[in-house]
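Sequences listed follow chains A and B, in order.
Per numbering that gives the first Met the number 0, the very first residue in the first sequence carries number 0; after that it's consecutive.
Per numbering that gives the first Met the number 0, the very first residue in the second sequence carries number 0; after that it's consecutive.
Just so it is clear, CB atoms sit at the ideal spot from N, CA and C, and this is done for glycine as well.
For clarity, every value in this text was computed on a predicted model and none was experimentally measured.
Here's the structure we're looking at; comments come further down.
2 protein chains.
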Amino acid sequence: MNTMNDIEVIINNKRYTICGYESAEYLQKVASYINNKHTEFKLKDFYNKLDQDMRNILLEINIADDYYKAKRQVKELEDDHEAKSKEIFDLKHELISTQTRIESLQKELQALKFDHVEAQKKIVKLETEIDERGLRK
Amino acid sequence: MNTMNDIEVIINNKRYTICGYESAEYLQKVASYINNKHTEFKLKDFYNKLDQDMRNILLEINIADDYYKAKRQVKELEDDHEAKSKEIFDLKHELISTQTRIESLQKELQALKFDHVEAQKKIVKLETEIDERGLRK
Numbered sequence: 000m001n002t003m004n005d006i007e008v009i010i011n012n013k014r015y016t017i018c019g020y021e022s023a024e025y026l027q028k029v030a031s032y033i034n035n036k037h038t039e040f041k042l043k044d045f046y047n048k049l050d051q052d053m054r055n056i057l058l059e060i061n062i063a064d065d066y067y068k069a070k071r072q073v074k075e076l077e078d079d080h081e082a083k084s085k086e087i088f089d090l091k092h093e094l095i096s097t098q099t100r101i102e103s104l105q106k107e108l109q110a111l112k113f114d115h116v117e118a119q120k121k122i123v124k125l126e127t128e129i130d131e132r133g134l135r136k
Numbered sequence: 000m001n002t003m004n005d006i007e008v009i010i011n012n013k014r015y016t017i018c019g020y021e022s023a024e025y026l027q028k029v030a031s032y033i034n035n036k037h038t039e040f041k042l043k044d045f046y047n048k049l050d051q052d053m054r055n056i057l058l059e060i061n062i063a064d065d066y067y068k069a070k071r072q073v074k075e076l077e078d079d080h081e082a083k084s085k086e087i088f089d090l091k092h093e094l095i096s097t098q099t100r101i102e103s104l105q106k107e108l109q110a111l112k113f114d115h116v117e118a119q120k121k122i123v124k125l126e127t128e129i130d131e132r133g134l135r136k
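Okay, structure coming up:
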């Protein structure tokens, strides 16, 4: 889109040559959008009774209204985007702390397992000692 | 916005009465947006050389271009919104499984602690038994 193009479009049944950086495809899409507006308006009695100047103004306002509606949608989505990013940040943070908690529990468990095995060895040793000395009836 | 209002706006130095459901405030904002477009265009030599019809078309295309840019932004934000929602879902799912893992580790640890206390009691009992019978040298 860096070179200027002369693009021919038909708007409201008139041929215009538009010189701009936009692609022909894009400009045709825009032209067809504007033509749909003309078609919509022409279906309304009041519009057909208006002079050309007033028709142009109504068309401009109508297109600008579409623009403002889209802008409002952008604003709502941006706000939501911000809220979602914050939620993701908080969830990641929470996930890290639960993972740290898992690691410390695993360490604690491992240490206790070792002590418990040692305790059981000691029990066997003491029981053997008692048995060897024939203390058991 | 359920009642029709007659709102007076000034666009390109002309007074128009617009009848619509929009609020006066909103319509004034739209009018001032369109007036800014006129002002921008009037600064360009080529525009001042054009006939009124061509000026109107350029203005319509320019406003429609703002609309399409905003629409593109909406599309991008909607795609991002979807990706973020999926990430949040996955993070919540991962968080639940790590929390479940913590609970099971805590249960395992508690049971082992109980067994270990029992083992230590038994050690004390056995050592006492040996001591009482004067087996220790």
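Residue of B:Gly19, B:Ala30, B:Ala23 and B:Thr2 minimising C-alpha distance to B:Ile9: Taking the first residue of the second sequence as position 1, residue 9 of chain B is located at position 10. Residue B:Ala30 is the option with its Cα nearest to B:Ile9.
Cutoff 8 Å; reference B:Ile33; Cβ partners in own chain excluding five residues on either side: Position 34 of the second sequence, counted from the first residue, corresponds to residue 33 of chain B. Closer than 8 Å at Cβ, skipping near neighbours: Ile10, Asn11, Leu58 and Ile62.
Contact set between B:Asp5 and chain E, taken where Cβ atoms lie within less than 7 Å: In the displayed structure, chain E is absent; the protein chains listed are A and B.
Beta-carbon spacing of B:Leu108, A:Glu131 below 9 Å: In the second sequence, residue 108 of chain B corresponds to position 109, counting from 1. In the first sequence, residue 131 of chain A corresponds to position 132, counting from 1. A:Glu131 sits away from B:Leu108, with the two beta carbons spaced by 9 Å or more.
Contact with chain A by B:Tyr15, beta-carbon distance below 9 Å: Numbered from its first residue, the second sequence carries residue 15 of chain B at position 16. Taking Cβ atoms only, chain A reaches closer than 9 Å to B:Tyr15, which makes this a yes.
Whether B:Val73 touches A:Leu76 by CB criterion (9 Å): Numbered from 1 along the second sequence, position 74 holds the residue referred to as residue 73 of chain B. Numbered from 1 along the first sequence, position 77 holds the residue referred to as residue 76 of chain A. A contact, by the Cβ cut-off of 9 Å.
Residue environment, A:Lys36, which counts as buried when at least 16 other CB atoms sit within 10 Å: In the first sequence, residue 36 of chain A corresponds to position 37, counting from 1. Answer is buried; the Cβ neighbour count reaches 16.
Beta-carbon proximity check, B:Leu111 vs A:Leu125, cutoff 9 Å: As a working note, residue 111 of chain B is residue 112 in the second sequence. As a working note, residue 125 of chain A is residue 126 in the first sequence. Going by C-beta atoms, B:Leu111 is not nearer than 9 Å to A:Leu125.
Supposed close pair B:Ala69, A:Tyr20 - CB separation, criterion 8 Å: Working through the second sequence from its first residue, we reach residue 69 of chain B at position 70. Working through the first sequence from its first residue, we reach residue 20 of chain A at position 21. Not really, about 19 Å apart at Cβ, beyond 8 Å.
N-terminal and C-terminal residue of the alpha helix (DSSP H) that A:Thr97 is part of: Taking the first residue of the first sequence as 1, we reach residue 97 of chain A at position 98. For A:Thr97, the uninterrupted alpha helix (DSSP H) run begins and ends at Gln51 to Glu131, by DSSP.
Interface partners of B:Tyr32 on chain A, CB under 7 Å: Taking the first residue of the second sequence as 1, we reach residue 32 of chain B at position 33. The answer, in chain order, is Ala63.
Contact with chain B by A:Gln27, beta-carbon distance below 9 Å: Indexing the first sequence from 1 puts residue 27 of chain A at position 28. Taking Cβ atoms only, chain B never reaches closer than 9 Å to A:Gln27, which makes this a no.
Span separating the alpha-carbon of A:Leu49 from that of A:Lys83: Here residue 49 of chain A refers to the residue found at position 50 of the first sequence. Here residue 83 of chain A refers to the residue found at position 84 of the first sequence. Those two C-alpha atoms are separated by around 48 Å.
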